[in-house]
Structures are given as C-alpha cells and as structure tokens.
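Using the working numbering, read the sequence shown as starting at 20 and increasing by one per residue.
Below is one structure, written out as structure tokens, with a few remarks after it.
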Amino acid sequence: MNLRSSTVVILSIVDFAYGYVIIPAKSTSWAVYLGDLIITKLSLCDVELKSFPGIKIEDLEKKLSFFDIGTFDYILVHVGTNNSSEILSSIVSKFNPLFDTIRNLNPKIKLLTSGLVPRGPNRFSYGFVSAAYGTFLSSLNIKIEAINAELEQLADLQGFYFFRRNPTNWKGCLGRVGLHLNFKGNREVADDFVKQLEGRISTEHVYRRKSKSIVSTL
C-alpha cells in the first residue's frame, strides 16, 4: 500500500540573503505550506525543497545524483514510509547507500533525517474501522517504530542528526482511514521540519559569525 511520503529539503546558509524555495510543479499543499514557512523562518538560507509523493528509499538514492548539492550546508531527508511493507532488514539496508550517496556528493554536508510518522489504533480513536484494518494499522505502527529505532542507531553510528516527535503528539493528525496525514498533520510535520532546521542552522550561523570575527582581527 502506497503511503505517499517522501521529502528532501536542501539548504545553504547565506549571510544577509533572502531565502527562496524551489517547489516542483506537482507539489502538494503541504509542500507549498512548508515552502512558505521556510521563507519566513529561514531567511538566511538558500533553500531547495523537493517532494516526491510515493517514492521509496532506493528511488530517492538514484535521484540524488541529479541534485546539485555540492555547495549546500544541510540536507534534511524524510523517506522510508513507502518501504514499510518490506522486512526490516531490507529497509535498513537501503538507508546506508542513500546516506553514502549524500556524503559522496558532498562530504561536508550536514545530514538530518526525520523519523517516520507513527500510525496505529493505539495512537488514535478508530471506532469506525474494522477489527482487521485496526490490526493492520497497529502492525504498521510497530514496524514504523522499529524503522525509527534503526534510523536512530544509524545516526549514532554515522554521526548524523535524527529527530522524531513524541508519538502521542500525533493524535488527530491522520485522516479517517488512519493512513495519510490530514491538514493538521501536514502542518505539524512542516512546523517540525522548520523547527529542527532552525535549531541546527542558528547554532552553525553563530559559529560562522564568530569565526569570521576572529579571522577579521588577525
């Protein structure tokens, strides 16, 4: 079943430059909202936002070679939901080539990866779904949490930044079938992405400004 979730946000810190966002023509309203939010909140950055609904990890890895990421400072990747029907070991094995490709294209880029959004009736109220579908959602949620745990371990081993929100905060963020994000859920994801990027970039920007000050006094 296609869960339609995949996003790449690539950005570079630029002093005193106004942020811009490149959004593909077929972008969803979620991508447009995220783009607007990036322009508002990350005005010191040049940003490219690329959204690929329905794409899988291995397909995103192939697309990366077409992105000009050599000059960018950060890349935020949100992918994996559409692989969730596969066995866990297969999913994890596909993340390593993805991250290796990113580093090969830009060894200095800072990688952020977002945990998958949890599903499952233990997170929400599903009185209107069948018992069988409720079991499916519960199993999917368990798989997603296992994927997130593996991603977190990879982050620790490889030195990139992994983030996810408390699963209880997602209550009310899915549509009636419990599978796709609703309007509230889309905004929550976009807000979270920008919050995480703001935190990482503000620290880096302060560091850069301090470094420039030190250099200018020599």
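Note that the Cβ used here is the ideal one computed from N, Cα and C, for glycine as well.
Do you know how far the Cα of residue j is from the Cα of residue i?
i: Asn167; j: Gln215; result: 17 Å
i: Asn125; j: Thr90; result: 8 Å
i: Gly153; j: Ser221; result: 42 Å
i: Ser112; j: Leu176; result: 14 Å
i: Ala252; j: Ala150; result: The structure shown does not extend to residue 252, since the chain is modelled only from 20 to 237, so the question has no answer here.
i: Tyr39; j: Glu169; result: With a pLDDT of only 38 at Tyr39, under 50, the local geometry of the prediction cannot be trusted, and no value is derived from it.
i: Leu173; j: Gly99; result: 14 Å
i: Asp211; j: Asn123; result: 27 Å
i: Gly218; j: Lys69; result: 21 Å
i: Phe182; j: Asp92; result: 18 Å
i: Val96; j: Phe85; result: 16 Å
i: Phe202; j: Pro72; result: 16 Å
i: Glu164; j: Leu200; result: 17 Å
i: Glu171; j: Ser108; result: 15 Å
i: Ile128; j: Ile161; result: 32 Å
i: Leu198; j: Asp87; result: 33 Å
i: Glu80; j: Glu105; result: 17 Å
i: Ile94; j: Gly178; result: 14 Å
i: Leu131; j: Ile121; result: 11 Å
i: Gly204; j: Lys82; result: 27 Å
i: Arg206; j: Asp65; result: 22 Å
Which two residues bound the contiguous alpha helix (DSSP H) that contains residue i?
i: Leu159; result: Ala150 to Gln177
List the endpoints of the continuous beta strand (DSSP E) containing residue i.
i: Leu131; result: Lys129 to Ser133
Would you list the residues sitting across from residue i in a DSSP beta bridge?
i: Phe181; result: Thr132
i: Leu193; result: Leu200
Examine the Cβ distances between the stretch 114-125 and the stretch 155-164 and report whether three or more of them are shorter than 8 Å. no
At what residue ranges does the stretch 64-108 contain a whole run of the beta strand (DSSP E), taking only runs of 3 or more? 64-70 and 93-97
Report yes or no: do three or more beta-carbon pairs, one from the stretch 192-206 and one from the stretch 131-138, lie closer than 8 Å? yes
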